[in-house]
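Going left to right, the sequence shown walks through residues -7 to 254 as this note's numbering numbers them.
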Amino acid sequence: MASLLLYLVVGAVAGTLAGLFGIGGGTVIVPALLFTLAAQGVSPEVMTHMAVATSLATITFTSLSSIRTHHQKGAVLWPVVGRMTMGIVVGTTAGAMLISSIPGPILLKIIGVFTALLGIQMFFGLQPKASDTRPGAKELMGSGAAIGFASSWFGIGGGSFAVPYLTWRNLEMRQAVAVAAACGFPIALTAALTNIFEGWGHDDLPAWSTGYVYWPAVLGIVLTSVPFARIGAKLAHQLDQKKLKKAFAVMLLLVAAKFLTT
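So, in structure tokens, the structure goes:
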């Protein structure tokens, strides 16, 4: 019961920040899970893999609400999503299988580097300039594979990679965000299932785990992240976004420093 209450709080914080900054919840959930799983005494050998897998499992559920909203507004370009999904399934599966062979402490350092780069990008507002043409079918499949591969390593739904890529390839921001949200579901589902398979029967896993997915965390985060994301979105219209993003970027850099020095 205590662990479920803890993850209800994690979900509330992750949802609020996701709505406030327009970032994927996994960006917040993975660091939060790493700290909470460590506090619960989970073995370092499986802790990082569990944080990544569990974050992706939560996105399988939470992405559905976002997809529905974007679809109702007519912003999802489903042909683009379909072509990217063909690559996503292959890339995500390969990525999730590969990280299962990476020792937990090394994977933690890799996530630390990614978190630092994300913090730098947010602090300086770095965005690529749009190109003149839109991508073809082969490029979309290839980009889907690359985005799925990278997302499976960092426990995110792919928005951090997909939105900059799609805006660079001449999609409107509204469409890029909607397509990235729709792609989050196949990324999360494929990675979660692969992580369940890869972690099945590991000796160091705590109770209530299926493979690397830890269900008390999934339940708690799913229950609170979606409603609190709406609260965060409302706050975003009332607060100074530029100052908040810089503050959040500094927090990400501090978290990255902790991971890199652990």
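In this text, a Cβ means the ideal position worked out from N, Cα and C, and glycines have one as well.
Straight through space, the alpha carbons of M89 and G147 are spaced by roughly 13 Å. If you draw a straight line from the Cα of V68 to the Cα of A4, it is about 27 Å long. In the DSSP assignment, E190 falls within the unbroken alpha helix (DSSP H) covering M165 to G191.
DSSP places Y(-1) within a helical segment (H, G or I) once states are collapsed to three. With a beta-carbon spacing of about 14 Å, A24 and A45 fall beyond the 8 Å limit used to define contacts. By the neighbour-count definition (other C-beta atoms within 10 Å, threshold 16), G128 is an exposed residue. Each of T159, K101 and V169 was checked against the Cα of W145, and the nearest Cα belongs to K101.
Per DSSP, I139 is one residue of the alpha helix (DSSP H) stretching across A129 to F146.
By the Cβ criterion, the stretch 24 to 39 is in contact with the stretch 181 to 199, since at least three pairs of Cβ atoms, one from each stretch, lie closer than 8 Å. By alpha-carbon distance to L158, the top candidate from V73, T50, L236 and R222 is V73. Taking C-beta separations shorter than 6 Å and ignoring five residues to either side along the sequence, the partners of S57 in its chain run V218, following chain order. Under the Cβ criterion (8 Å, minimum of three pairs), the stretch 131 to 140 counts as touching the stretch 79 to 95. With contact defined as three or more Cβ pairs closer than 8 Å, the stretch 167 to 175 and the stretch 59 to 67 are in contact. Taking a contact to require three or more Cβ pairs closer than 8 Å, the stretch 177 to 193 and the stretch 159 to 166 do not qualify as touching. In this structure, V205 is the residue among G17, V205 and S55 with its C-alpha nearest to the C-alpha of E190. Here T202 is bridged, per DSSP, to V205. Here DSSP, grouped into helix, strand and coil, assigns R126 to coil. Taking C-alpha positions only, D232 is separated from F220 by approximately 19 Å.
In this structure, V22 keeps its C-beta atom at 9 Å or more from the C-beta atom of A49. The three-state reading of DSSP puts L110 in helix, counting H, G and I together. With 16 or more other Cβ atoms from the protein chains shown falling within 10 Å of its own Cβ, F106 counts as buried. Counting only runs of 4 or more residues that sit fully inside the stretch 28 to 86, the alpha helix (DSSP H) segments are 36 to 64, in chain order.
F153 counts as buried, since at least 16 other C-beta atoms from the protein chains shown sit within 10 angstroms of its C-beta. Here the C-alpha atom of G176 lies approximately 15 Å from the C-alpha atom of P71.
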